[in-house]
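Notes to accompany the following structure.
In the working numbering, the protein residues as written are -10 to 599.
Here it is as structure tokens:
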């Protein structure tokens, strides 16, 4: 492969220098009406070697050989213009100094500038066009409709034509905008709107539909899937736009439609410069680093160029796999896996003393409502005492920013899990500014496909043959992807100055029954025929509907449209701290009934669920 690449580069260089020589000679022909006087012809031949040397050096300096002709773009054309212009200026200076323009018509230099731009730019763009529009030698018989006559759809069409292994025959586009009907993209017609999918698919003998447009909503995707089921064709999708932009996948990685697609979440725009300001070149620590959110946070933090990322995790097996992933990603010395527990104050102290993190993301916490209802003492110890430990160590060892992950269950909590998280929110607010550490809380709902969450459970139940269990026909929850949550947590950390509770825009709540139906459909089964849904009843402490903001809280807009600032009622820190000490003392005694009452009194003044 290296030999092929070297020969390919040699051919490109030779081609460019050949174009430069022909351009120079052709400029003389144009200047003298295709009859070059002998004395001028001699000057042309005499000066040509120096011209080629100058052209080659300028082409190299302006990196013309780093571009791929197949993907020639305006950026390549700009580089060509710069290289040719600088080269022409240098060559003109050479002619002036050595020959004083004697025997050199000045107009030739101007003509040559125009001609070589046409030659070099033309060869690249003609090559690109030939690659894009030549007939595929192995044109697929899989007749495909592309949903989305936009940039992503156009990218997909080009990839289908350039990559015969995809074996697709794109016969048309459908789009949300009916006004596009009748137009063409690279000579492929826009046949109509997505509302006409069923009719067009049958008329055109379509075998497969590929959803390409990122602007298609979850509701529209659900309708497309239902239509495809009714007419008996396959429905697939291109990767999420975030994966394409991150470079993880390209548009050719066509996949099955996923539950994430049905959320219809828009790609989020981050203020990366603002995030880098507080993470780049800094020592960053993540607790619960191998958990669902912690793991994703670590991945995104590494992209921001920290000096060191400290992966603090108590689950040895999960930390092992995280370490392996990062080592294979060649993160090298930029991360340190540390096995430890936030309940072990001594271990935390040693880690803080050794590594002195500048920023801490606190993601370690118990999260399962039924387990914490059954074991409130352990919930208090892990979620509250653990948070208090890491917060106090952060202040002691000069952490600049402490960002804690919270949950919508902390809003008017009715269960132990939510109550412990509300207490930790208050701890962060009360400790903010002490010893210089700025505490920031980020509150959001459920994330898709996290360990032990509803979607993996549904998939497991379906794989076993069912039934799928839902607690209540009307129960709803907020959902977002893990990647989106992690990125917005980092963004909130950049926005926050300390003492804030931020809440993420979760969109509209989703009925869990609808979610179950979608998963059943995506797994190729039919509700009522292949599998059933049964309702088990709400569990202790479980709400029918979650809220992101309490009735006595107010929200304000921030610099990011997906992040809101929550204004909570003030509270007396001294009274709170005293009651917190009493709660922790009772938890150490293991008095479950008293602990539950004290917990809810501390955060809400209510005893919670019985």
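C-beta: ideal position from N, C-alpha, C; glycine also.
Residue 245 classed as buried or exposed, judged by whether at least 16 other C-beta atoms fall within 10 angstroms: In the chain shown, residue 245 corresponds to position 256, counting from 1. When all chains shown are included, residue 245 counts as exposed.
Can you tell me whether residue 577 is buried or exposed, with buried defined as 16 or more other CB within 10 angstroms of its CB? The residue you call residue 577 lines up with position 588 of the chain shown. Exposed, since its Cβ has fewer than 16 Cβ neighbours within 10 Å.
CA nearest to the CA of residue 166, picked from 183, 156 and 173: The residue labelled residue 166 in the question sits at position 177 within the chain shown. Considering only alpha carbons, the answer is 183.
What number of angstroms, rounded off, separates the C-alpha of residue 513 from the C-alpha of residue 310? Walking along the chain shown from the start, residue 513 turns up at place 524. Walking along the chain shown from the start, residue 310 turns up at place 321. Taking the straight line from one Cα to the other gives about 32 Å.
Whole-angstrom distance between residue 202 and residue 148, CA atom to CA atom: Residue mapping note: residue 148 aligns to position 159 of the chain shown, counting from 1. Residue mapping note: residue 202 aligns to position 213 of the chain shown, counting from 1. If you take the alpha carbons of residue 148 and residue 202, they lie about 15 Å apart.
With 16 other Cβ atoms within 10 Å as the buried cut-off, status of residue 416: For the purposes of this step, residue 416 is taken as residue 427 along the chain shown, with counting starting at 1. Classification for residue 416: buried.
Nearest-angstrom Cα separation, counted from residue 211 out to residue 573: Counting from one through the chain shown, the residue named residue 573 turns up at place 584. Counting from one through the chain shown, the residue named residue 211 turns up at place 222. Approximately 48 Å between the Cα atoms of the pair.
Run the CB neighbour count on residue 564, radius 10 Å, all protein chains shown included, and call it buried at 16 or more, exposed below. Here residue 564 corresponds to residue number 575 of the chain shown, with the count starting at 1. Exposed, since its Cβ has fewer than 16 Cβ neighbours within 10 Å.
According to DSSP, simplified to helix, strand and coil, what is residue 267? Position 278 of the chain shown holds residue 267. It is helical.
Provide the residue(s) that pair with residue 593 in DSSP beta bridges, ordered along the chain. Numbered from its first residue, the chain shown carries residue 593 at position 604. The partner list for residue 593 (beta bridge, DSSP) is empty, contrary to what the question assumes.
For the alpha helix (DSSP H) containing residue 358, list its first residue and its last residue. What you label residue 358 is simply residue 369 of the chain shown in a count that begins at 1. Taken as a continuous stretch (DSSP letters only), the alpha helix (DSSP H) holding residue 358 covers 358 to 363.
Provide the residue span of the alpha helix (DSSP H) that contains residue 379, from first to last. Start at 1 with the first residue of the chain shown, and residue 379 comes out as number 390. Unbroken alpha helix (DSSP H) run through residue 379: 375 to 385.
Which complete alpha helix (DSSP H) runs does the stretch 553 to 597 hold, if anything under 4 residues is left out? With a minimum length of 4 residues, the continuous alpha helix (DSSP H) runs that stay inside the stretch 553 to 597 are 562 to 578 and 581 to 592.
May I ask you to report which of helix, strand or coil DSSP gives residue 126? Counting from 1 along the chain shown, the entry for residue 126 is found at position 137. Because the pLDDT at residue 126 is just 46, under 50, the model does not fix this residue reliably, and the value given afterwards should be weighed accordingly. In this structure, residue 126 counts as coil in the three-state DSSP scheme.
Are the stretch 360 to 368 and the stretch 490 to 500 in contact at 8 Å, needing three or more beta carbon pairs? Touching, no.
Report the three-state DSSP secondary structure of residue 222 (helix, strand or coil). Residue mapping note: residue 222 aligns to position 233 of the chain shown, counting from 1. Of the three classes helix, strand and coil, the one that applies to residue 222 here is coil, per DSSP.
To the nearest angstrom, how far is the alpha carbon of residue 227 from that of residue 242? The residue you call residue 227 lines up with position 238 of the chain shown. The residue you call residue 242 lines up with position 253 of the chain shown. Taken atom to atom, the span from the alpha-carbon of residue 227 to that of residue 242 is near 6 Å.
For residue 439 versus residue 394, is the C-beta spacing smaller than 8 Å? Position 450 of the chain shown holds residue 439. Position 405 of the chain shown holds residue 394. In this structure, residue 439 lies away from residue 394, with their beta-carbon atoms at least 8 Å apart.
Contacts around residue 390, its chain only, beta-carbon distance under 7 Å, and the 5 residues preceding and following it disregarded: Here residue 390 refers to the residue found at position 401 when the chain shown is read from its first residue. Shown here for residue 390: same chain residues with a beta carbon closer than 7 Å to its own, the five before and five after excluded, namely 267, 348, 427, 429 and 482 in chain order.
Express the C-alpha separation of residue 273 and residue 305 in angstroms, rounding to a whole number. Numbered from 1 along the chain shown, position 316 holds the residue referred to as residue 305. Numbered from 1 along the chain shown, position 284 holds the residue referred to as residue 273. Take the alpha-carbon of residue 305 and the one of residue 273: they are about 20 Å apart.
Residues sharing a beta bridge with residue 546, DSSP: Start at 1 with the first residue of the chain shown, and residue 546 comes out as number 557. DSSP output for residue 546 lists 553 as bridge partner(s).
List in chain order: all unbroken alpha helix (DSSP H) runs of 4+ residues lying wholly within the stretch 14 to 55. Counting only runs of 4 or more, we get 27 to 50.
For residue 75, which residues in the same chain have their Cβ closer than 6 Å to its Cβ, ignoring the five residues on either side in sequence? Position 86 of the chain shown, counting from 1, holds the residue named residue 75. 47, listed in sequence order.
Going by the beta-carbon positions, is the gap between residue 163 and residue 146 smaller than 8 Å? Looking up residue 163 in the chain shown gives position 174. Looking up residue 146 in the chain shown gives position 157. No, they are not a contact pair.
Thinking just about the alpha-carbon of each residue, which of 359, 411 and 343 is nearest to the one in residue 373? Within the chain shown, the letter at position 384 stands for residue 373. By alpha-carbon distance to residue 373, the top candidate from 359, 411 and 343 is 411.
According to DSSP, which residues form a beta bridge with residue 132? Numbered from its first residue, the chain shown carries residue 132 at position 143. Answer is 158, bridged to residue 132.
When you compare only the Cα positions, how much space is there between residue 587 and residue 420? For the purposes of this step, residue 587 is taken as the residue at position 598 of the chain shown. For the purposes of this step, residue 420 is taken as the residue at position 431 of the chain shown. Rounded to whole angstroms, residue 587 to residue 420 spans 21 Å at the Cα level.
For residue 585 and residue 323, what's the separation of their Cα atoms in angstroms? Here residue 585 refers to the residue found at position 596 of the chain shown. Here residue 323 refers to the residue found at position 334 of the chain shown. C-alpha separation (whole angstroms): 43 Å.
Given residue 595, which residues of its chain have a CB within under 7 Å of its CB, disregarding the five upstream and five downstream residues? Stepping through the chain shown from its first residue, residue 595 is reached at position 606. Any reading at residue 595 is ruled out, since the residue's pLDDT is 46, under 50, leaving its predicted position unreliable.
For the stretch 428 to 453, which segments carrying the alpha helix (DSSP H) assignment without a break, of at least 4 residues, lie completely within its bounds, in sequence order? Within the stretch 428 to 453, the complete alpha helix (DSSP H) runs of at least 4 residues are 443 to 452.
Indicate whether the contact test is met: 3 or more Cβ pairs, each with one atom in the stretch 539 to 552 and one in the stretch 269 to 288, closer than 8 Å. With a cut-off of 8 Å, the stretch 269 to 288 and the stretch 539 to 552 do not count as touching, because too few Cβ pairs lie within range.
Here's a check: name, in chain order, each residue in its chain whose Cβ is nearer than 7 Å to the Cβ of residue 92, leaving out the five neighbours to either side. The residue given as residue 92 occupies position 103 in the chain shown. Within its own chain, the residues whose Cβ lies closer than 7 Å to the Cβ of residue 92, once the five positions on either side in sequence are excluded, are 28, 29 and 32, listed in chain order.
Rounded to whole angstroms, what is the Cα-Cα separation between residue 497 and residue 258? Mapped onto the chain shown, residue 497 falls at position 508. Mapped onto the chain shown, residue 258 falls at position 269. Rounded to the nearest angstrom, the gap between the Cα atoms of residue 497 and residue 258 is 20 Å.
Whose C-alpha, out of 536, 141 and 452, is nearest the C-alpha of residue 466? In the chain shown, counting from the first residue as 1, residue 466 sits at position 477. Here the closest residue by C-alpha is 536.
Taking residue 134 as the reference, which of 108, 94, 177 and 98 has the closest Cα? Locating residue 134 in the chain shown gives position 145, where the first residue counts as 1. The candidate whose alpha carbon is nearest that of residue 134 is 177.
How is residue 245 classed by DSSP in three states: helix, strand or coil? As a first step, residue 245 is located in the chain shown; it is residue number 256 there, counting from the start. Annotated three-state conformation of residue 245 is strand, per DSSP.
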